[in-house]
């Protein structure tokens, strides 16, 4: 293959001499440069010393001629160059230099060419970007045409020109753009090289006008010492990464898996003895959108383990090597990792190295390389517990199937959720002067939904510059007590009308200080910044997670769900008290009675979903109506009924109990009930909330038999002396509605709350005292639960606002057995209430009552006035509602009128904007009526841009937040939504917005 470089160089020399002789110097110069680049490329791979010496003898001749032409073309000022000019320059330089003044030895010339001396003159670098672009165009054309032998040297030539240009380019944006493209072309060149290696081989050397060869050239082997030296130069990170485990925001699932697989066995080897050997998870594929912290996580792992060696390998480092060298590099890399254990191998952008090849056109050399990598990964995984392999990719579907399957775990690294975003802002702000409060950070986390970690970093950098811009543009300054000048407004006492430059001219430059970063600075940046990751990008990763990711492996997958659908519907079979000695015997007995209607024991096992075996007896299963009736007819069975979905309620428990004042509320006893355990059956809990801190609480009561079940983003550490237990239930929900993943909505397959309802009810009951609490700065005050010292046991049985009765009953079975004192249930069925024996909550509550457990359940907040659910002699039924306060948003009109609306927007608009009705801003082809609803693509962007738009509700089910999204896309700055039905409910909008009722509409129209 490498003889192609030499032949191409010779062809360029012939063309250059022809153009040179004809006086076409503008054409001759790039031809000479092309020839020199090809000679350089050939010299890199040529092993025969005689051939290399022959090439280097000719190299300086063409180099000198190219420089002579360049001097005339670019250094002599404007105007065309003549042949005589060039000859004159050449003769003059030869006379001045004299014989022997140029490089004479092969080593000198090679040193000059390899160091880039032929291209590094500041007078020449300007043309290299244009030349590189031209080579790229030619390379892409040849590549698309399948002419890989021509495309490869063109790509390499372009890369050489880009490299030279980067040395002198001062503009950081241009350098960044070129660097990104450089990586793409380098990767493609590496792929083409692997194909050429396989099909052409090194190729025999041929004779030509420029080089005379005296013997065949053959590539010599690279020594192990050379390979190891090369790896040590670019793969081993000499300094220990400074990223701490606590610096990594979110990524709980990935961190937990890495701790269990690698960090804990190394730090606490005595934990993992006997049957508790560390699990053989030694290779992890991290995938997700860019900018979400995969490399950051790898560095944190290396920092966590003392005396570890961190091998950081970019696929581009390997792709740029010949295929035979890649195998040796990989083999030595893993061997060095074993010798340096404990060690971490991090391979970034592994898809570039081990991508799929469509149509089976993968080269033999590429297959050999992948085989070597697979062998090394599997060897480390089985033979050494102290080597961890981490690989990262932003394009998981591009990864070769065999490589993908080789990883023990494939973990999705998603966009950071709100808690992680808060953490990122806190880390960025640490050590930076600012005046943000915690409520401001919460607000920033809300407004940056959909941002990656790198997006947030860009946002912070932008906000950092805002105080500088304010200082630059300020026209008033004030001197503080420290003799420092700070920008201010004209009304501030001591303000001096002067600019920053004028102060600097007076010698005060070092005493000018920008103001601290404020929330306003962030909002200014966020007003113009958009997330870098699109919804379609996320869809790809979520689809891959469903197919191959570890996190989606739940109790009921898609295939099982299809099977269950064919079995019938989900029924609950209640059998009253049980007299069995243990739960296992109950399960066996359940299978026996179920087998009597399914026809086999295997059929019973496949049909069963839940077993109620601790506090009472029963089960839930997929049954046909006929099978359900057969079971209902059996003497052991009390009732059989179809499991239905219950809904979430909100209860005003303390008003019901007559505690309706802050004084009464705060005088409720605290320490006397510190061992009370409240079981909450709901949507889970957000354990990081300050309402669930365990400060001042004693160890958990010994009577409690529950456990803290880990899961997605929920670890053992999330339980404490306040949250003493946590479980979650989804089998019933998924049997009735399909896999959780099929809803395409965010959720956590754990006790972590993805809704907020369960966190709200838990904090209402037993939240610790937290001062200075607000909702994005609104409704500020002190938060506390009814009994702040009570303990919480969490039973998550609700998903996406729905709760399967079968899951609720399983949660009740566990809660009673765990030993809770009180059960709080803010969920229930739609009225009318089913009979006592066909209602899961009433059945479970009855058995709780028998054990002395108080069950407090909400009465519901739907259907006709006077209707209630969860009503039974053994239940304390409390009143319920949807919201217990108002969040006002004031609209100031130009005629001095003020409208009071409702909204959850914490941002104030300091400027007056124009007002336009949605009906008056209809896009072409859209009726005024449809435009008034502010749906997607209905407003005319030219009419609503920079204005506040007045919209109306079409139906009660309209997505109110979506309207604000459509308006923001159209360029509007605000929304006034006419919604008489629920005008007192606060909604979150993506632009400033408010809801108003009919009374406010009349004022608006007046």
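Residue numbers (UniProt numbering): 1 to 1006.
Each residue gets a CB set at the ideal place from its N, CA and C atoms; glycine is no exception.
Helix, strand or coil, according to DSSP, for residue 646 in the structure here?
Sequence index remark: in the chain shown, residue 646 carries index 646 (1-based). Assigned with DSSP and collapsed to three states, residue 646 falls in strand.
Buried or exposed, going by whether 16 or more other CB atoms sit within 10 Å of the CB of residue 888?
Here the question's residue 888 lines up with position 888 in the chain shown. It counts as exposed.
Confirm, please, whether the CB-CB distance from residue 512 to residue 484 is below 9 Å.
Mapped onto the chain shown, residue 484 falls at position 484. Mapped onto the chain shown, residue 512 falls at position 512. In this structure, residue 512 lies closer than 9 Å to residue 484 by Cβ.
Kindly provide the ranges of any beta strand (DSSP E) runs that are 3 or more residues long and lie completely inside the region 891-976, ordered along the chain.
898-902, 914-917, 947-952
Residue 842 and residue 679: beta carbons closer than 9 Å?
Within the chain shown, residue 842 is the residue found at index 842, counting from 1. Within the chain shown, residue 679 is the residue found at index 679, counting from 1. Between residue 842 and residue 679, the CB-CB gap reaches or exceeds 9 Å.
From 958, 959, 965, 957, pick the residue whose C-alpha is nearest to that of residue 939; which is it?
Taking the chain shown and counting its residues from 1, the one referred to as residue 939 is at position 939. For residue 939, the nearest C-alpha among the options comes from 965.
With residue 391 as the anchor, note down where its alpha helix (DSSP H) starts and where it stops.
To locate residue 391, count along the chain shown from 1; it is residue 391. From DSSP, residue 391 is part of no alpha helix (DSSP H) but of the beta strand (DSSP E) over 387-393.
Quick one: any contact between the region 574-585 and the region 602-617, if contact means 3 or more CB pairs under 8 Å?
yes
Using only CA atoms, which one of 728, 262, 698, 515 lies nearest to residue 710?
Translated into the one-based positions of the chain shown, residue 710 becomes position 710. Check the Cα spacing between residue 710 and each of 728, 262, 698, 515: the tightest is with 728.
Short check: CB of residue 351 to CB of residue 313, under 9 Å?
Position 351 of the chain shown, counted from the start, is the residue given in the question as residue 351. Position 313 of the chain shown, counted from the start, is the residue given in the question as residue 313. At a Cβ-Cβ threshold of 9 Å, residue 351 and residue 313 do not count as neighbours.
Assuming residue 397 and residue 540 are in contact, meaning their beta carbons sit under 8 Å apart, how far apart are those beta carbons, in whole angstroms?
Numbered from its first residue, the chain shown carries residue 397 at position 397. Numbered from its first residue, the chain shown carries residue 540 at position 540. Correct: roughly 7 Å between the Cβ atoms.
DSSP bridge partner residues for residue 711 (one or two, in chain order)
Here residue 711 refers to the residue found at position 711 when the chain shown is read from its first residue. 714.
The beta strand (DSSP E) that contains residue 609, what's its start and end?
Within the chain shown, numbered from 1, the residue matching residue 609 stands at position 609. Residues 608-612.
Is residue 258 helix, strand or coil by DSSP?
Numbered from its first residue, the chain shown carries residue 258 at position 258. Looking at residue 258 - three-state DSSP - the assignment turns out to be helix.
I need the boundaries of the beta strand (DSSP E) containing residue 411, first residue and last residue.
Taking the chain shown and counting its residues from 1, one reaches residue 411 at position 411. Looking at the DSSP string, the run of the beta strand (DSSP E) that includes residue 411 is 409-412.
Measure from the alpha carbon of residue 632 to the alpha carbon of each residue in 611, 596, 644, 649, then state which is nearest.
Numbered from 1 along the chain shown, position 632 holds the residue referred to as residue 632. Nearest C-alpha to residue 632: 596.
Confirm, please, whether the CB-CB distance from residue 681 to residue 815 is below 9 Å.
For the purposes of this step, residue 815 is identified with residue 815 of the chain shown, where counting begins at 1. For the purposes of this step, residue 681 is identified with residue 681 of the chain shown, where counting begins at 1. Their beta carbons are under 9 Å apart, which means residue 815 touches residue 681 by this criterion.
Return the first residue and the last residue of the beta strand (DSSP E) that residue 461 is part of.
Residue numbering aside, residue 461 sits at position 461 when the chain shown is read from its first letter. Careful: residue 461 lies outside any beta strand (DSSP E), inside the alpha helix (DSSP H) at 453-473.
Who are residue 497's beta bridge partners in DSSP?
Position 497 of the chain shown, counted from the start, is the residue given in the question as residue 497. Answer is 476, bridged to residue 497.
Between the beta-carbon of residue 818 and the beta-carbon of residue 793, is there less than 9 Å?
Taking the first residue of the chain shown as 1, we reach residue 818 at position 818. Taking the first residue of the chain shown as 1, we reach residue 793 at position 793. Their beta carbons are under 9 Å apart, which means residue 818 touches residue 793 by this criterion.
Is the region 456-465 touching the region 423-439 in the sense that three or more CB pairs, one from each, lie closer than 8 Å?
yes
In three-state terms, what does DSSP make of residue 782?
The sequence position of residue 782 within the chain shown is 782, counting from 1. Here residue 782 sits in strand by DSSP.
Selection from 305, 875, 251, 1005 that minimises the alpha carbon distance to residue 269
The residue labelled residue 269 in the question sits at position 269 within the chain shown. Cα-wise, what sits closest to residue 269 is 305.
Could you compute how far the alpha carbon of residue 684 sits from the alpha carbon of residue 795?
Locating residue 684 in the chain shown gives position 684, counting from the first residue. Locating residue 795 in the chain shown gives position 795, counting from the first residue. Straight-line spacing of the CA atoms in residue 684 and residue 795 works out to 6 Å.
Report all residues from its chain with a CB closer than 6 Å to the CB of residue 129; omit the five preceding and five following residues, and keep chain order.
Position 129 of the chain shown, counted from the first residue, corresponds to residue 129. Cβ neighbours of residue 129 beyond the five flanking positions: 165.
Please report the straight-line C-alpha distance between residue 973 and residue 297, rounded to a whole angstrom.
In the chain shown, counting from the first residue as 1, residue 973 sits at position 973. In the chain shown, counting from the first residue as 1, residue 297 sits at position 297. Computed Cα separation, rounded: 38 Å.
Under 8 Å, with one C-beta from each stretch per pair, do the region 486-498 and the region 431-448 reach the 3-pair mark?
no
Rounded to the nearest angstrom, how far is the Cβ of residue 473 from that of residue 648, given a contact under 8 Å?
Reading the chain shown from its first residue, position 473 is the one you call residue 473. Reading the chain shown from its first residue, position 648 is the one you call residue 648. Actually they do not touch by this definition, with Cβ atoms about 50 Å apart.
Would you mind working out which of 644, 537, 858 sits nearest residue 761, comparing C-alpha positions?
Working through the chain shown from its first residue, we reach residue 761 at position 761. For the residues 644, 537, 858, the minimum Cα distance to residue 761 belongs to 858.
With distance defined between alpha-carbon atoms, name the residue in 612, 805, 536 nearest to residue 646.
Your numbering for residue 646 matches position 646 in the chain shown. Nearest C-alpha to residue 646: 805.
Rounded straight-line distance, which links the Cα of residue 833 to that of residue 869
Working through the chain shown from its first residue, we reach residue 869 at position 869. Working through the chain shown from its first residue, we reach residue 833 at position 833. About 5 Å.
Is the CB-CB distance between residue 933 and residue 954 below 9 Å?
Residue numbering aside, residue 933 sits at position 933 when the chain shown is read from its first letter. Residue numbering aside, residue 954 sits at position 954 when the chain shown is read from its first letter. Cβ distance < 9 Å, so residue 933 and residue 954 count as in contact.
Residue 839 - DSSP class collapsed to helix/strand/coil:
Taking the first residue of the chain shown as position 1, residue 839 is located at position 839. Three-state result, residue 839: coil.
So, with DSSP's three-state summary, where would you put residue 571?
Reading the chain shown from its first residue, position 571 is the one you call residue 571. Reduced to three states, the DSSP call for residue 571 is strand.
Sub-9 Å separation of residue 329 and residue 345 beta-carbons
What you label residue 329 is simply residue 329 of the chain shown in a count that begins at 1. What you label residue 345 is simply residue 345 of the chain shown in a count that begins at 1. Result no, Cβ atoms of residue 329 and residue 345 do not sit closer than 9 Å.
From residue 989 to residue 530, what does the alpha carbon distance come to, in whole angstroms?
Here residue 989 is taken as the residue at index 989 of the chain shown, counted from 1. Here residue 530 is taken as the residue at index 530 of the chain shown, counted from 1. Cα to Cα, the separation comes out at about 16 Å.
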